[in-house]
Amino acid sequence: MFKRISVVLLAASMMVACDKNRVEVKEGVKIQIHSHDDKARKLKDGDIITFLAKIQNSADSVLQESNSTQPARAMCQPAGASGFKGSFEDGLRLLSVGDSATIYVPVDSLVKGGQQLPPFLKKGSDLKYTVKIIKVQSKAEFEKDMAAEQAKAKVESDARKAQIPQLIADYVKKSGLPFKTAPSGLQYVISKEGTGENPKAGDVCKCMYVGKFLDGKVFDKSTSPMDMPIGGMIPGFNEALTMLKKGGKGTFLIPPQIGYGEAAQGPIPGNSVLIFEVEALDFTKGGN
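The sequence shown runs 6 to 293 under my numbering.
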C-alpha cells in the first residue's frame with residue numbers, strides 16, 4: 006500500500022516538474038517558466054526591470070551575458086510596443102520579481118528589410134534569452150536609486166583621483182619594469198621592438214591585448230586578433246599603438262586624463278588607471 010502511494014507521489018512530482026519547465030506560448034510569447042511566484046510584485050507599464058540575462062543562439066553559444074555587478078535593465082512596455090508580437094520585451098511582461106524563465110524569440114522577426122543574418126544566427130531558429138528578475142521599480146524609485154548610486158560613485162571616483170600619483174608610483178616600483186613617460190602622461194615599456202615603420206593616426210592595427218586595473222584584475226581582453234583603428238579608441242590607447250611596430254609588444258599605463266576620465270564606463274570606474282598589454286600583429290595603412 007505504502008509503496009503504491011510513494012510511486013503515485015513520485016509520478017505526481019515529476020509531472021509538476023515537467024509542467025514547470027514546459028515550453029509554451031503565452032500571449033504570443035514562446036516561453037519556458039523555470040520559477041514563478043504568484044504572490045510576487047507584478048510588472049506594469051513604465052516599471053524599470055533589473056534582471057540577469059544570458060542570450061544564446063540555437064547552437065547554445067553564449068552571445069551576451071550580464072552579471073550581478075552589471076545587471077541588465079529595461080522598461081516594461083505595452084505588449085507589441087517593440088514592433089512585433091512575441092518579442093523579448095513581451096516575454097518580460099509575463100514575469101514577476103524573483104521569476105526565472107527562458108524566452109524564445111524567432112530570429113526571423115529580428116531581421117527587417119532584407120537584412121542579412123550574421124553567421125552565428127540561423128534563419129528559422131530562435132534566440133534564447135534566459136532571465137532572472139532581480140528587482141522591479143517605478144520610474145521614481147529607479148531614479149532615486151540611480152541618484153544615490155551616482156553620488157556614491159562620485160565620492161569613490163574623487164577618492165581614486167587623489168590617490169592616482171601614489172598608486173602609479175607603487176605599481177611601477179612593484180612591477181620592476183623600466184617604464185618611460187610620454188608628454189601626455191602615458192607610461193610605457195616596449196618589451197619587443199618589432200619591425201618596419203610605426204603606424205600613425207588613420208592606420209588600422211591588428212592586435213591582441215589584455216586590459217587590467219592596477220590591482221591586476223582583468224576588465225577586458227581579446228580572444229582573437231582585433232582590428233583597432235588608430236584614432237577610434239581612447240587617447241592613451243591610440244598613442245600606445247603608434248609606439249608599436251609590426252610584431253612589437255608593450256605594456257602601457259594609461260591615467261584617466263587620457264583614458265576614460267572621471268565618469269564610469271561599463272566595468273571601468275571613474276578615475277581609473279588602466280594597464281594594457283598589447284601585441285601588434287600587423288597594421289594596414291590608411292585603413293585600406
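Note that beta-carbon positions come from the ideal geometry of N, C-alpha and C, so glycine has one too.
Here the structure is a predicted model, which is why all the values come from computation and not from measurement.
Coarse secondary structure for residue i, derived from DSSP in three states
| i | result |
| --- | --- |
| L14 | With a pLDDT of only 45 at L14, under the threshold of 50, the placement of this residue in the model should not be trusted, and no figure is reported. |
| L279 | strand |
| K144 | helix |
| P274 | coil |
| T247 | helix |
| R27 | coil |
| P111 | strand |
| K137 | strand |
| M19 | For M19, the pLDDT reaches just 45, beneath the cut-off of 50, and the residue's location in the model is therefore unreliable, although a value from the coordinates is still provided. Helix. |
| A84 | coil |
| Q69 | strand |
| F288 | strand |
| R9 | The predicted model places R9 with a pLDDT of 49, which falls under 50 and marks its position as unreliable; any figure quoted below should be read in that light. Three-state DSSP puts R9 in a helix. |
For residue i, the residue or residues it bridges with in DSSP
| i | result |
| --- | --- |
| M3 | Given that the chain is displayed from residue 6 to residue 293, the structure contains no residue 3 and the question cannot be resolved. |
| G255 | I195 and V283 |
| P234 | V209 |
| G216 | D225 and F281 |
| S105 | S40 and K137 |
| R78 | T55 |
Straight-line gap, residue i to residue j (C-alpha atoms, nearest Å)
| i | j | result |
| --- | --- | --- |
| V223 | G96 | 34 Å |
| A17 | G216 | For A17, the pLDDT reaches just 44, beneath the cut-off of 50, and the residue's location in the model is therefore unreliable, although a value from the coordinates is still provided. About 53 Å. |
| Q308 | K128 | Only positions 6 to 293 of the chain appear in this structure, which leaves residue 308 out of reach. |
| L258 | F281 | 7 Å |
| S227 | K211 | 11 Å |
| D287 | D232 | 9 Å |
| R9 | K137 | Residue placement at R9 is poorly supported in this model, since its pLDDT is 49, which falls under 50; the coordinates are not used for a value here. |
| G88 | V34 | 14 Å |
| Y193 | G253 | 13 Å |
| I108 | E148 | 28 Å |
| L172 | Q270 | 20 Å |
| V177 | L279 | 13 Å |
| P204 | F242 | 13 Å |
| L182 | P272 | 27 Å |
| A158 | G275 | 8 Å |
| G291 | S114 | 38 Å |
| D163 | S71 | 27 Å |
| A326 | V110 | Any answer about residue 326 is impossible in this case: the structure gives the chain only from 6 up to 293. |
| H41 | T55 | 16 Å |
| K166 | G237 | 25 Å |
| I60 | E146 | 28 Å |
| T135 | K144 | 24 Å |
| L246 | A285 | 8 Å |
| E161 | L100 | 35 Å |
| I38 | G255 | 49 Å |
| R314 | D175 | With the chain covering only 6 through 293, there is no way to say anything about residue 314. |
Endpoints, the alpha helix (DSSP H) within which residue i is located
| i | result |
| --- | --- |
| F93 | F93 to L97 |
| F184 | From DSSP, F184 is part of no alpha helix (DSSP H); its letter is neither H nor E. |
| S130 | Unbroken run through S130: none, as it is neither H nor E. |
Contiguous alpha helix (DSSP H) assignments of at least 4 residues, all confined to the stretch 31-60:
none
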